[in-house]
């Protein structure tokens, strides 16, 4: 289990830390810095590529997500065997867009391991859960799934 409390953790530093701790199965971070001015070195790219084979991280908790496309793309590369993904604070006002974006990234990254998504939604109510179910069925995002709301968190699990 690795928990990093630093806000806007740089991706190169995260790569280096995880490379030094190869037996981590759970990763909890506050937020990632997806600053476009920071480029990965050749060494960091090699490490990241090798992690696709060696990573043991199956549970990821990201407290805040800002750039959903870039951050998910990176996390799916860093943690290709991720089964559980939890997002704390999000500015989700459009649940339909959020779900479509996540499943688009899952398909684009060819991730077949992820089976549980949890996100904090202070506006969550039974209507949100019903809307999610309708979106998933209408867009045929998942064949077999369950959606549950517990307080302000929404859990989406599938087979």
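Numbering (the numbering used here), first residue to last: 62 to 220.
Glycine included, C-beta positions come from ideal geometry on N, C-alpha and C.
Own chain residues within Cβ distance below 6 Å of residue i, not counting five before or after
| i | result |
| --- | --- |
| residue 209 | 216 |
| residue 105 | 73, 76 |
| residue 62 | 87 |
| residue 162 | 129 |
| residue 201 | none |
| residue 80 | 108 |
| residue 190 | 208, 210 |
Presumed contact (8 Å Cβ cut-off) between residue i and residue j, rounded CB distance
| i | j | result |
| --- | --- | --- |
| residue 141 | residue 113 | 5 Å |
| residue 90 | residue 131 | Between residue 131 and residue 90 the Cβ distance is about 15 Å, and since that is not below 8 Å, they are no contact. |
| residue 198 | residue 176 | At roughly 18 Å, the Cβ-Cβ gap does not stay under 8 Å, so residue 198 and residue 176 are not in contact. |
| residue 166 | residue 203 | Contact flag wrong, Cβ pair sits at about 14 Å. |
Rounded C-alpha distance that separates residue i from residue j
| i | j | result |
| --- | --- | --- |
| residue 122 | residue 146 | 6 Å |
| residue 206 | residue 88 | 25 Å |
| residue 219 | residue 168 | 15 Å |
| residue 178 | residue 69 | 22 Å |
| residue 213 | residue 188 | 13 Å |
| residue 103 | residue 135 | 16 Å |
| residue 172 | residue 116 | 14 Å |
| residue 120 | residue 181 | 16 Å |
| residue 211 | residue 164 | 22 Å |
| residue 158 | residue 78 | 33 Å |
| residue 67 | residue 184 | 27 Å |
For residue i, the residue or residues it bridges with in DSSP
| i | result |
| --- | --- |
| residue 76 | Answer is none; residue 76 lacks a bridge partner. |
| residue 207 | 218 |
| residue 199 | Bridge partners of residue 199: none, in fact. |
| residue 65 | 90 |
| residue 146 | 121, 178 |
| residue 70 | 93 |
Residue i vs residue j beta-carbon contact at 8 Å
| i | j | result |
| --- | --- | --- |
| residue 92 | residue 71 | no |
| residue 156 | residue 192 | yes |
| residue 85 | residue 118 | yes |
| residue 126 | residue 160 | no |
Cβ-based neighbour list, residue i, same chain, cut-off 8 Å, excluding 5 preceding and 5 following
| i | result |
| --- | --- |
| residue 138 | 109, 112, 113, 170 |
| residue 101 | 72, 73, 76, 109 |
Close Cβ partners of residue i (< 7 Å) along its chain, the five nearest in sequence each way excluded
| i | result |
| --- | --- |
| residue 194 | 208 |
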